[in-house]
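>
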Ligand code: GLA
């Protein structure tokens, strides 16, 4: 079980974007995320002391514990994720059963340039990078999918967020210059390229932190679960939201309250949006054509309007930025990204879009909301990997 004499390893775990398929990972959909060049980096080092020590370098916080005690130690913030990953990987019981016989101390130092609460999945990067590193360090032989599931369970059990699996898959399975298509019914993962000729994807951070997100997120999930139970009562052979045709949808809608109707309408619209993007990416790989980018942009906008009006997970600041961006003809599409209630917008724009134009938009935003947005060009990178 234990690997021999490792003195030091360094792991890099990326954050993610999602092109389309927002809130579909727990709604039987296909999601289209990618790992991006924002990372948490971990350094694992052996120590002779008999405890684990974690150093969150950016926060200047340290935490040290012995494995036997971990279960009973209270934790908060980043420490809860660390605790969850270690316990869900079964390291404490392996230690208690003497399987980690020569285990001595371990020091893990980590630092991050993924903004917290910006919708770029910093917590997934934390859990996935840590799980990957521990897997390497102790030679546990777990697959990337097993690590993704451990990271997801950590969110469920130790952070109280009933998230889907998209963020973890993006962080662990990312591929340079590629998007991932994950079928959330089967967990099947493929990757595809989206040629960007004359256009660019940007991320704009609204600097609104999504504090309310976890409770609202769990509520959305519950609403859709109830609607699904209702759908199964009406149509026992229905296999997924993807298989719900218009006729049965109309029948189901009349059995749902207004709020559930809106949420489900969004989900159905988004499922169609993903299908359209998949078809567009195939066409763009054959021949890049500006009109197709315009269609891609419209699909991003449509998702935003659905998230704003039907799923109701946007916020005033993000909507302001989206509206202002769309007034510029060089912007083809813009939408809020991630769980919602703040964070980043994903923007598709012509390469000719000037940063000075964005600065004018940001200035008005800053005057109104007293927050200073930032912008960067997105690059798609490899998922969690070892640097040293
Ligand atoms: C958060 C969750 C994901 C996903 C997105 C919305 O990032 O962690 O599982 O549901 O929101 O698409």
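In the numbering used here, the protein residues as written are 657 to 1044. No residue lacks a Cβ here, since even glycine has one placed at the ideal position from N, Cα and C.
#1: Can you check the segment 751 to 828 for any alpha helix (DSSP H) of at least 4 residues that lies completely inside it and give the ranges in chain order?
#2: Mind checking whether residue 817 and residue 988 have CB atoms under 9 Å apart?
#3: Exposed or buried, which one is residue 764 when buried takes at least 16 other CB atoms within 10 Å?
#4: Let me know if residue 679 comes out buried or exposed under the rule of 16 or more other beta-carbons within 10 Å of its beta-carbon.
#5: With a threshold of 8 Å (Cβ to nearest heavy atom), would residue 740 be considered close to the ligand FAD?
#6: Is residue 681 buried or exposed, if buried means 16 or more other CB atoms sit within 10 Å of its CB?
#7: Mapping the DSSP letters down to three states, classify residue 859 as helix, strand or coil.
#8: Assuming the contact rule is C-beta atoms closer than 8 Å, residue 953 and residue 926 should be a hit. Round their C-beta distance to whole Å, please.
#9: Let's test the definition: count the other Cβ atoms within 10 Å of the Cβ of residue 1042 and tell me whether it reaches 16, buried, or not, exposed.
#10: Measure the C-alpha to C-alpha separation of residue 861 and residue 1031 and round it to an integer number of angstroms.
#11: So, helix, strand or coil for residue 997, using DSSP?
#12: With 16 as the cutoff for other CB atoms within 10 Å, does residue 739 come out buried or exposed?
#13: Applying the 10 Å Cβ sphere with the 16-neighbour rule, what's the burial state of residue 973?
#14: Counting by C-beta, which residues lie closer than 5 Å to a heavy atom of the ligand GLA, in chain order?
#15: I need the straight-line Cα distance from residue 665 to residue 810, nearest angstrom please.
#16: Less than 7 Å between C-beta atoms, sequence neighbours within five positions excluded: which residues of the same chain meet that for residue 944?
#17: In the DSSP assignment, find the beta strand (DSSP E) that holds residue 989 and state where it starts and stops.
#18: Assess contact between the segment 968 to 982 and the segment 829 to 842, defined as three or more Cβ pairs (one per stretch) separated by less than 8 Å. Is contact present?
#19: Using beta-carbon positions only, say whether residue 673 and residue 993 come within less than 9 Å of one another.
#20: For the putative contact between residue 670 and residue 847, defined by C-beta atoms under 8 Å, what is the C-beta separation to the nearest angstrom?
#21: Would you mind sorting residue 957 into buried or exposed? The rule is 16 or more other CB atoms within 10 Å of its CB.
#22: For residue 1018 and residue 996, I'd like the C-alpha separation in whole angstroms.
#23: For residue 1036, which of helix, strand or coil comes out of DSSP?
To lay it out plainly:
#1: 778 to 793 and 800 to 810
#2: no
#3: buried
#4: buried
#5: This structure lacks the ligand FAD; its bound ligands are the ligand GLA.
#6: buried
#7: strand
#8: Their Cβ separation, rounded to whole angstroms, is 16 Å, which puts residue 953 and residue 926 out of contact at 8 Å.
#9: exposed
#10: 6 Å
#11: coil
#12: buried
#13: buried
#14: 678, 679, 681, 819, 820, 822, 823, 994 and 995
#15: 23 Å
#16: 851 and 853
#17: 987 to 992
#18: no
#19: yes
#20: Contact doesn't hold; Cβ gap of about 14 Å is too wide.
#21: buried
#22: 20 Å
#23: strand
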